[in-house]
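Trainee: Protein chains in written order, with the working numbering: chain A, 1 to 250; chain B, 251 to 500. Sharing a structure, written as structure tokens. Questions coming.
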């Protein structure tokens, strides 16, 4: 049996009661640490909390060579942990299909995800978000403008856009870096983005949420990762009030 | 202090460790039961689990007369519980603003939400969803087609649509009822929806997920509530495979 368990947003206590019970009863515990990270907990803290060894999986262990993991799941109760909610990343969907191909029963225990948490943090309403997008770290000879195409299309429909910021090994894109990259794309596309919402450490005791134009937000101190951005479309009155009260919108 | 706590998707064990700890330490526990419901737990079961009395809030207690709740929060630690993740519903955002207006500190403990769970249940990828919509129960002289406008606009952009089904008191819209209403809208708008994905009891031990055309899904037995629908846009290969493996897509 292979159970995918979402750990939620920030630390060891963000897991559900159901998820924790299943981990403590599991024969094998694997943790995927490349699509996202639980920034408020180390692997050692998780092991102490679960009373279990936790094996860390690299991308290659899941996407190229999942044999060890699947062999465990074929014989015994195996849990696959990830930050947020499982399957929001396609690499997990692929693993569940591979498990089914080998006749391994699977299940999912859901966890809190930034996909919905962004509504509470920003006050921006769920049904007014369009398609989301990701900003990758720039690479030589490659500077995509597709995230700005998504944002512009959403803004034309008066919708908000959730913008995921890149993670590469131990390098986490900040709100400031994300805004710089988006502003460069906006210049190329000759569009103007009047307002950004930056969010840091969703799910922690001290999340930072700030709304403002690019210049103001680029200078704001958001503190340690993870960071995420929202580019709002048209704001309703209640959204404006919420951003004024809880995100310093002037 | 007023803390909004998401209970997650289905039963008492879907709450986070952090959320449960805060409830057990709270002076006052309120449960909002009109925007969504935890179908796998009664109020009495929650009270036994929390070792606390739980006061049930009707819409009027939150939207018209939140004074009692806010008076409690002004003096002592008060938690406001809801199914899913708080603030996905606008009524919660309004309450947080009212609390801030009275100088009451607020916080949010996130829970698993259908907004992200739908990805794991259906295999449809998060970044390929557009704006979501809701199908209301029909009322005399009022039959909106706006949900089909949202779906069509998303499908033109090759995006999936999450379709919330109405809850009115103890009346929960089923997948079959939702499809009938959407098909009627589709006829009026002269569009054709080739594929639906119906989901029942997300977060439970026995969720049902079925993909197929309207005719087939309308006859399928999804069992007890809550139900939700997805209208897929263009399917990627992995999404097709996932729906074949886990949702009976032919």
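Where is the CB? At the ideal position from N, CA and C, for every residue including glycine. This one's a predicted model, so the numbers in the text were calculated from it and none came from an experiment.
How long is the line joining the alpha carbons of residue 304 of chain B and residue 361 of chain B, rounded to whole angstroms?
Mentor: Position 54 of the second chain, counted from the start, is the residue given in the question as residue 304 of chain B. Position 111 of the second chain, counted from the start, is the residue given in the question as residue 361 of chain B. Going from the Cα of residue 304 of chain B to the Cα of residue 361 of chain B covers about 18 angstroms.
Trainee: Residues of chain A with CB closer than 7 angstroms to the CB of residue 495 of chain B, please, in chain order.
Mentor: As a working note, residue 495 of chain B is residue 245 in the second chain. Here the neighbours are 97, 100.
Trainee: Is the Cβ of residue 465 of chain B closer than 8 angstroms to any Cβ of chain A?
Mentor: Residue mapping note: residue 465 of chain B aligns to position 215 of the second chain, counting from 1. Closer than 8 angstroms: no.
Trainee: Taking the continuous alpha helix (DSSP H) assigned at residue 117 of chain A, which residues delimit it?
Mentor: For the purposes of this step, residue 117 of chain A is taken as the residue at position 117 of the first chain. Where residue 117 of chain A is concerned, the enclosing alpha helix (DSSP H) stretches over 114-122.
Trainee: Nearest to residue 131 of chain A by alpha carbon, out of A/137, A/145, A/61, A/115?
Mentor: For the purposes of this step, residue 131 of chain A is taken as the residue at position 131 of the first chain. Checking every option, the nearest Cα to that of residue 131 of chain A belongs to A/115.
Trainee: Report the rounded CA-to-CA distance for residue 135 of chain A versus residue 483 of chain B, giving the unit in angstroms.
Mentor: The sequence position of residue 135 of chain A within the first chain is 135, counting from 1. The sequence position of residue 483 of chain B within the second chain is 233, counting from 1. Their backbone Cα atoms lie some 23 angstroms apart in a straight line.
Trainee: Mind reading off the beta-carbon distance from residue 460 of chain B to residue 410 of chain B? Whole number of angstroms is fine, and I expect it under 8 angstroms.
Mentor: By one-based count along the second chain, residue 460 of chain B stands at place 210. By one-based count along the second chain, residue 410 of chain B stands at place 160. That pair is no contact at about 16 angstroms.
Trainee: Beta-carbon within less than 6 angstroms of residue 249 of chain A's beta-carbon, same chain only, minus the 5 sequence neighbours each way: which residues are those?
Mentor: Stepping through the first chain from its first residue, residue 249 of chain A is reached at position 249. For residue 249 of chain A, where only same-chain residues beyond five positions count, the Cβ hits under 6 angstroms are 211, 243.
Trainee: According to a CB-to-CB cut-off of less than 8 angstroms, which residues of the stretch 110-139 of chain A neighbour chain B?
Mentor: Hits within the stretch, in order: 110, 111, 112, 113, 115, 116, 117, 119, 120, 121, 123, 125, 126, 127, 128, 129, 130, 131, 132, 133, 134.
Trainee: Measuring alpha carbon to alpha carbon, tell me which residue in A/78, A/68, A/141 is nearest residue 107 of chain A.
Mentor: The residue given as residue 107 of chain A occupies position 107 in the first chain. Nearest option by C-alpha distance: A/78.
Trainee: Of the choices B/423, B/404, B/372, whose alpha-carbon is the least far from that of residue 488 of chain B?
Mentor: To locate residue 488 of chain B, count along the second chain from 1; it is residue 238. Ranking the options by Cα distance to residue 488 of chain B, first place goes to B/372.
Trainee: Can you tell me whether residue 442 of chain B is buried or exposed, with buried defined as 16 or more other CB within 10 angstroms of its CB?
Mentor: Taking the second chain and counting its residues from 1, one reaches residue 442 of chain B at position 192. Classification of residue 442 of chain B: exposed, given that the 10 Å Cβ count is below 16.
Trainee: Decide if residue 471 of chain B is buried, meaning its Cβ has at least 16 other Cβ atoms within 10 Å, or exposed.
Mentor: Here residue 471 of chain B refers to the residue found at position 221 of the second chain. Exposed is the call here.
Trainee: For residue 271 of chain B, which option in A/65, A/23, A/17, A/22 has the closest C-alpha, if you only look at C-alpha atoms?
Mentor: On the second chain, position 21 is the one that residue 271 of chain B refers to. Per the Cα distances, A/17.
Trainee: What are the uninterrupted segments assigned as alpha helix (DSSP H) that are 4 or more residues long and contained completely in the stretch 11-75 of chain A, given in chain order?
Mentor: Runs of the alpha helix (DSSP H) inside the stretch 11-75 of chain A: 17-24, 43-50, 59-63, 67-75.
Trainee: So the beta strand (DSSP E) residue 4 of chain A belongs to, where does it begin and stop?
Mentor: As a working note, residue 4 of chain A is residue 4 in the first chain. Where residue 4 of chain A is concerned, the enclosing beta strand (DSSP E) stretches over 2-6.
Trainee: Are the CB atoms of residue 30 of chain A and residue 87 of chain A nearer to each other than 8 angstroms?
Mentor: By one-based count along the first chain, residue 30 of chain A stands at place 30. By one-based count along the first chain, residue 87 of chain A stands at place 87. Not in contact: residue 30 of chain A and residue 87 of chain A (Cβ atoms no closer than 8 angstroms).
Trainee: Can you have a look at residue 189 of chain A and say buried or exposed, based on whether 16 or more other CB atoms are within 10 angstroms of its CB?
Mentor: Translated into positions along the first chain, residue 189 of chain A becomes position 189. By the 10 Å Cβ count, residue 189 of chain A comes out exposed.
Trainee: List, from N- to C-terminal side, the beta strand (DSSP E) runs of 3 residues or more that fit wholly inside the stretch 393-444 of chain B.
Mentor: Taking only runs of at least 3 residues, the beta strand (DSSP E) segments lying wholly in the stretch 393-444 of chain B are 411-415.
Trainee: Which residue wins for smallest C-alpha separation from residue 368 of chain B, given the options B/481, B/252, B/355, B/394?
Mentor: By 1-based counting over the second chain, the position of residue 368 of chain B is 118. Among B/481, B/252, B/355, B/394, the Cα nearest to that of residue 368 of chain B is on B/481.
Trainee: If we cut at 8 angstroms on Cβ distances, does residue 38 of chain A have a partner in chain B?
Mentor: Within the first chain, the letter at position 38 stands for residue 38 of chain A. Residue 38 of chain A does not count as touching chain B.
Trainee: Under 7 angstroms between beta-carbons, which chain A residues line up against residue 270 of chain B? List them in chain order, please.
Mentor: Indexing the second chain from 1 puts residue 270 of chain B at position 20. Chain A residues near residue 270 of chain B: 17.
Trainee: How would you call residue 383 of chain B, buried or exposed, if buried means at least 16 neighbouring beta carbons within 10 angstroms?
Mentor: Walking along the second chain from the start, residue 383 of chain B turns up at place 133. Buried: at least 16 other Cβ atoms inside 10 Å.
Trainee: By DSSP, does residue 80 of chain A sit in helix, in strand, or in coil?
Mentor: Here the question's residue 80 of chain A lines up with position 80 in the first chain. Looking at residue 80 of chain A - three-state DSSP - the assignment turns out to be strand.
Trainee: Are the CB atoms of residue 476 of chain B and residue 495 of chain B within a distance shorter than 8 angstroms?
Mentor: Taking the first residue of the second chain as position 1, residue 495 of chain B is located at position 245. Taking the first residue of the second chain as position 1, residue 476 of chain B is located at position 226. No, they are not a contact pair.
Trainee: Distance check for residue 185 of chain A and residue 144 of chain A, CA to CA, integer angstroms please.
Mentor: The count along the first chain starts at 1 and reaches residue 144 of chain A at position 144. The count along the first chain starts at 1 and reaches residue 185 of chain A at position 185. In a straight line, the C-alpha of residue 144 of chain A is about 8 angstroms away from that of residue 185 of chain A.
Trainee: Please name the residues in the stretch 76-88 of chain A whose beta-carbon is closer than 9 angstroms to at least one beta-carbon of chain B, in chain order.
Mentor: Answer in chain order: 84, 85, 86, 87, 88.
Trainee: Going along chain B in order, which residues have a C-beta closer than 9 angstroms to the C-beta of residue 238 of chain A?
Mentor: Here residue 238 of chain A is taken as the residue at index 238 of the first chain, counted from 1. Simply 340, 343, 344, 347.
Trainee: Work out the CA separation of residue 70 of chain A and residue 346 of chain B for me, nearest whole Å.
Mentor: Numbered from 1 along the second chain, position 96 holds the residue referred to as residue 346 of chain B. Numbered from 1 along the first chain, position 70 holds the residue referred to as residue 70 of chain A. Cα to Cα, the separation comes out at about 45 angstroms.
Trainee: State the CB to CB distance for the pair residue 326 of chain B and residue 278 of chain B, rounded to an integer number of angstroms; the pair is presumed to be in contact (CB under 8 angstroms).
Mentor: Looking up residue 326 of chain B in the second chain gives position 76. Looking up residue 278 of chain B in the second chain gives position 28. Indeed they touch by this definition, with Cβ atoms about 6 angstroms apart.
Trainee: With 8 angstroms as the C-beta to C-beta threshold (strictly closer), list the residues of the stretch 220-232 of chain A near chain B in chain order.
Mentor: Answer set for the stretch 220-232 of chain A: empty.
Trainee: Which residues in the same chain have their Cβ closer than 7 angstroms to the Cβ of residue 49 of chain A, if we skip the five residues on either side of it in sequence?
Mentor: Locating residue 49 of chain A in the first chain gives position 49, where the first residue counts as 1. Taken in chain order, the residues that qualify are 12.
Trainee: Helix, strand or coil for residue 246 of chain A per DSSP?
Mentor: In the first chain, the residue the question calls residue 246 of chain A occupies position 246. Here residue 246 of chain A sits in helix by DSSP.
Trainee: Could you tell me which residues DSSP puts in a beta bridge with residue 129 of chain A?
Mentor: In the first chain, counting from the first residue as 1, residue 129 of chain A sits at position 129. Residue 129 of chain A pairs with A/160.
Trainee: Give the range of the alpha helix (DSSP H) segment to which residue 216 of chain B is assigned.
Mentor: In the structure displayed, chain B extends from 251 to 500; residue 216 of chain B sits before or after that span and is not available.
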